[in-house]
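So the structure is just underneath, and the comments pick up after that.
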Amino acid sequence: MKNIVKKSFVDSIKFIKSGEFIFMILISLIAVFLSMFGYIFDLQVIVSGELGRGINNSVWVGLKMSIITILFIYPLGFLFLKNNMMRSNGKIKNDKTYENKNYIIYKHFSNFIILSLITLIIFVLGGIMQVIRGENPLNLIELLTPWLIIILPLMYFTATLSILFQVVPFLKRIFGLIAFIFLYFSQILIPIYLNTNGKWALDILGISKISIIQIIV
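Number 161 in full-length UniProt numbering belongs to position 161 of the sequence shown; there are no gaps in the numbering.
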């Protein structure tokens with residue numbers, strides 16, 4: 001077990017030094033900046049028939065960071081980690097790599113660490129920019145609550161998908177990419193449509209949770 005944990009952290013550090021990691025951080029930084037100092041990715045509410053946004057308090061900022069994560073880090077993280085696993089496997093001569101349970105376990109744990117770190121950075125950036133805007137005092141518990149109840153489970157699901165789509169033969173190539181694109185948009189659109197019409201939907205991305213918290217705010 002210790003060996004698996006050690007390999008997971010080593011593999012995570014290798015990815016953190018890669019261009020893919022830097023690219024995702026840059027995309028996140030731009031998205032966070034636009035959400036805090038523009039009208040992109042901003043949550044809107046209707047009060048007395050008028051459309052407007054809430055104060056940029058920690059709950060509101062946390063929800064916006066959740067939206068950024070769902071829109072960008074979920075698909076990009078899946079694709080980059082899946083491709084990274086494909087490249088690393090190409091360097092291993094043993095053709096039975098995927099049949100090695102230890103390999104799958106440590107890659108899964110490594111992917112989850114990487115995604116959790118990236119999303120945590122997004123929320124930290126959101127908190128910093130909340131302080132810069134100065135509309136409301138920073139509350140770390142309120143800011144990080146969406147990260148804990150929405151984003152971390154989603155990142156675990158993403159890490160699992162990145163392994164599954166590389167282990168299952170027919171999901172490795174173009175069919176797998178098409179299947180993921182279909183899955184991604186279905187996960188966003190179907191819960192929104194069904195919940196809007198008062199029907200229950202399997203909501204892996206936490207769209208309904210965001211709506212509920214938004215109403216509470």
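C-beta: ideal position from N, C-alpha, C; glycine also.
- Per DSSP, the unbroken alpha helix (DSSP H) holding residue 110 starts and ends at 101-133.
- Between residue 151 and residue 66, the C-beta gap is smaller than 8 Å, which places the two residues in contact.
- Taking a 10 Å sphere around the C-beta of residue 168, we find fewer than 16 other C-beta atoms and assign the residue as exposed.
- If you draw a straight line from the Cα of residue 80 to the Cα of residue 112, it is about 13 Å long.
- The three-state secondary structure of residue 55, taken from DSSP, is coil.
- From the listed residues 114, 105, 2 and 147, the smallest Cα separation to residue 63 is found for 147.
- When C-alpha distances from residue 24 are compared across 172, 74, 36 and 34, the shortest belongs to 74.
- The three-state reading of DSSP puts residue 75 in helix, counting H, G and I together.
- Measuring C-alpha to C-alpha distances from residue 144 to each of 160, 162, 158 and 125 identifies 125 as the nearest.
- Minimum Cα-Cα distance from residue 71 among the listed residues 128, 32 and 135 corresponds to 32.
- If only complete runs of 4 or more residues are kept, the region 140-167 shows the alpha helix (DSSP H) at 140-146 and 152-167, in order along the chain.
- Per DSSP, the continuous alpha helix (DSSP H) segment holding residue 34 begins and ends at 19-37.
- Contact between residue 15 and residue 114 holds, since their C-beta atoms are separated by about 5 Å, short of 8 Å.
- With a beta-carbon spacing of about 6 Å, residue 35 and residue 68 fall inside the 8 Å limit used to define contacts.
- In this chain, the alpha helix (DSSP H) harbouring residue 16 covers 2-16.
- For the pair residue 142 and residue 58, the CB atoms are nearer than the 8 Å cut-off.
- When the Cα atoms are used, residue 9 and residue 118 turn out to be separated by approximately 15 Å.
- Counting other Cβ atoms within 10 Å of its Cβ, residue 161 reaches 16 or more and is therefore classed as buried.
- In terms of Cα proximity to residue 56, the closest of 157, 139 and 158 is 139.
- Residue 165 has its alpha-carbon roughly 6 Å from the corresponding atom of residue 172.
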